[in-house]
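Presented below is the structure to which this report refers.
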Amino acid sequence: MRRLKIGVLGSGKGSNFCAILGAIADGRLDAEPVIVMSDVAGAGILDLARGAGIACEVIREPKFRTKLSPTVEAGVVESLRAAWVELVVLAGYMRMVKQPLLDAFPRRVINIHPALLPEFPGLEAWRQALEAGVTKTGCTVHFVDAGMDTGEVIAQAEVPVLAGDSAESLHARIQVAEHRIYPEVVARFASRELP
Ligand code: GRF
């Protein structure tokens, strides 16, 4: 089968992208990252992509902090299409995705969130979980829609909250689970199990 072409959008260090690269390298995932785009020029995810010889682009948004202007997002769509992207993988992308991207890739944009949605949508979900005093949290891979972390859930993994956890230790434990389930979900698209 032809390898699934993925486009990755991220704003941070890119550990989930790294896990995806690892899964490809050891044969668990039959996908090809064809482009990595970031709204943060110095983001680690771009260094990872460059190191892996993958095309990179910096998204320049002068006006907004939490979303892209329609014209800038249309430019992102153009780049993804030019690279023949089939699945858009958000990996720590810190902006809301709007209509230009959603319309261009219907049910083809996925995200990973560090909580068991619908619990704790939004920023620093691990800190929200800690402050709420729950005994378990986790991570969720979901389709992206126009809401904030509201799209249909594809997969989840539970993670315990331990006595004495700090925000950092809890996030680190959640990330271990993220690095396991995100490549697994992308693999389900790659094998065409998910349409
Ligand atoms: C992850 O915790 C993910 O759930 C959230 O942003 C973080 C990205 O981390 N959406 P990384 O850049 O993949 O390390």
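If you use this note's numbering, the sequence shown corresponds to residues 23 to 217, in order. All C-beta atoms, glycine included, are put in the ideal place defined by N, C-alpha and C. Given the structure is predicted, the values throughout are model-derived calculations rather than measurements.
Residues that V58 bridges to, as DSSP identifies them:
Residue mapping note: residue 58 aligns to position 36 of the sequence shown, counting from 1. According to DSSP, which records beta bridges pairwise, V58 is partnered with V30 and C78.
Would the C-beta of H164 count as close to ligand 1, meaning under 8 Å from any of its heavy atoms?
Against the sequence shown, residue 164 aligns to sequence position 142. Every heavy atom of ligand 1 is 8 Å or more from the Cβ of H164, so no.
Through-space distance from A77 to S101, alpha-carbon basis:
Within the sequence shown, the letter at position 79 stands for residue 101. Within the sequence shown, the letter at position 55 stands for residue 77. Those two C-alpha atoms are separated by around 10 Å.
Does at least one heavy atom of ligand 1 sit under 8 Å from the Cβ of K89?
The sequence position of residue 89 within the sequence shown is 67, counting from 1. No, Cβ of K89 sits at least 8 Å from all heavy atoms of ligand 1.
Which residues in the same chain as P182 place their Cβ atom closer than 6 Å to its Cβ, once the five residues preceding and following it in sequence are excluded?
Against the sequence shown, residue 182 aligns to sequence position 160. Once the five neighbours on either side are set aside, the close Cβ partners of P182 are K158.
Based on Cα-Cα distance, which residue from P128, D61, G29 and H201 lies nearest to A104?
Translated into the one-based positions of the sequence shown, residue 104 becomes position 82. It is G29 whose Cα lies nearest to the Cα of A104.
Say yes only if the C-beta of F39 is nearer than 8 Å to one or more non-hydrogen atoms of ligand 1, and no if none qualify.
Within the sequence shown, the letter at position 17 stands for residue 39. Checking every heavy atom of ligand 1 against the Cβ of F39, one is found closer than 8 Å.
R24 versus E153 - alpha carbon distance:
Within the sequence shown, numbered from 1, the residue matching residue 24 stands at position 2. Within the sequence shown, numbered from 1, the residue matching residue 153 stands at position 131. The straight-line gap from Cα to Cα measures roughly 46 Å.
Using 8 Å as the cut-off, can you tell me whether the stretch 128 to 142 makes contact with the stretch 80 to 95, which would need three or more C-beta pairs spanning the two stretches below that distance?
no
According to DSSP, is V156 part of a helix, a strand, or is it coil?
Translated into the one-based positions of the sequence shown, residue 156 becomes position 134. Coil.
Pair within 9 Å by beta-carbon distance, I132 and C161:
Against the sequence shown, residue 132 aligns to sequence position 110. Against the sequence shown, residue 161 aligns to sequence position 139. No, the Cβ-Cβ distance between I132 and C161 is not below 9 Å.
In chain order, what residues of the same chain lie with their CB nearer than 7 Å to the CB of G144, ignoring the 5 residues before and after it?
Taking the first residue of the sequence shown as position 1, residue 144 is located at position 122. If we look at G144 and ignore the five residues flanking it on each side, its Cβ neighbours are M170 and D171.
Excluding five sequence neighbours on each side, which residues of the same chain lie with their C-beta closer than 7 Å to the C-beta of R50?
Taking the first residue of the sequence shown as 1, we reach residue 50 at position 28. Cβ neighbours of R50 beyond the five flanking positions: P205 and A209.
With DSSP as the reference, identify every bridge partner of C40, one or two as the case may be.
The residue labelled residue 40 in the question sits at position 18 within the sequence shown. C40 is not bridged to any residue.
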